[in-house]
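Asker: The numbering of the sequence shown is our numbering, which starts it at 1 and goes up by one.
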Amino acid sequence: MTISLRKYEPNDLNKVRDFIIRTQSLLGHPNSWGIDRWEFVPFFQETRNGTLEQWQSRIGIWEDENGDIAAVACDDGDVYFLLDSLEPGEQLVQELFEYAEEKLLIFEPGQFCTRNALAITAGMKGIERIAESRGYTRGPGEDTIMSLTLDRDFQVFLPQGYVIKTGEEVDSRTKALGHIMAFDYASTSDADKTLLHYGNIAKAPDYRAGLELSVLNTAGEVVSFCSLWWDEANKVATLEPVGTHKAYRRKGLGKAVIYEGLNRLKTLGAVKVYVGSGQTFYRKIGFEPEVSMYRWIQSKR
């Protein structure tokens, strides 16, 4: 069957989202992006930065003769291939590399290797072999996707004076301020843009106000928060974003708001939750590594 490349169009958003869900169904775990990142990047990150159209223009889609997606190439700093197989066909992979090298990987003037990297999921040996043949080397470190099985109840303990509220109970500006303080970028141009655009997240197809949770202090400020993106077909969800104001850390607030979210997921029938991080914090509250991605850097040949 012939597979061909075409340009991404904005109305492809849900088609790619469904492809990501199908990938989870076929593999039993994420392979690169989940629906959380696929929706959070355009509805918040690229909208806030004023670069949504540029980001969309860099996405490539490969489809078969029936119009079914076989692969997607996109970027978020680094470059990612969205694939529903750990061993895709060689011709398709070569085309993905050619596309990435033309449109997504960046060589700075005077430099002999790319500024950004290609993320390859551990275990994709065929892609690794092709990467090596094209002058890529695996860099240090890895990106980790961790998971937690929802096979127990999660006790939520909040210190006195704090409450948990859902997305519809907290206005967008207050949530935006919570994000700004958690990621420590107050008094920057990005902070101004976050205040303007944070509410746009609620327009994403899989946003659920009941799964966007905030911890408020007695002054009504968001001091810890998390959002969960629910994949009903696979009975799994992903945390994105998660944050706690640096002045309110080590009080158990992050654990409490996440555990509240996990209990809410259980009522929906969820069996597992993912987070795109390998931080010690997540390990301490029960998450374990499931998927690793390595950063491959291309050198000039």
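Glycine is no exception: its CB is placed at the ideal position from the N, C-alpha and C atoms.
What residue does the beta strand (DSSP E) around T137 start on, and which one ends it?
Answerer: 136-138
Asker: With a threshold of 7 Å, establish whether the CB of L92 neighbours any heavy atom of the ligand ADP.
Answerer: With respect to the ligand ADP, the structure offers nothing, as it holds no ligand at all.
Asker: Just the Cα atoms here: how many angstroms apart are D231 and P109?
Answerer: 42 Å
Asker: Excluding sequence positions up to five away, which residues of its chain have a Cβ less than 6 Å from the Cβ of K284?
Answerer: So the list is empty, once near-sequence residues are dropped.
Asker: Does the region 204-222 touch the region 164-172, meaning 3 or more C-beta pairs lie closer than 8 Å?
Answerer: yes
Asker: Counting only runs that start and end within the region 237-298, where is the alpha helix (DSSP H) found for 4 or more residues in a row?
Answerer: 253-268, 280-284
Asker: Is V79 buried or exposed, if buried means 16 or more other CB atoms sit within 10 Å of its CB?
Answerer: buried
Asker: In terms of alpha-carbon separation, which member of L92, G135, Q155, A209 lies closest to C113?
Answerer: G135
Asker: Using only alpha-carbon positions, find the residue among N11, L86, L92 that is nearest to E356.
Answerer: Missing from the structure shown is residue 356; the chain here goes from 1 to 301 and no further.
Asker: Please state whether DSSP places Y207 in a helix, a strand or coil.
Answerer: Correct three-state label for Y207: coil.
Asker: Between G210 and the rest of its own chain, which residues show a CB-CB distance below 6 Å, the 5 nearest in sequence each way excluded?
Answerer: T166
Asker: Restricting to Cα atoms, I'd like to know which of R17, P42, G269, Y259 is closest to Y198.
Answerer: Considering only alpha carbons, the answer is P42.
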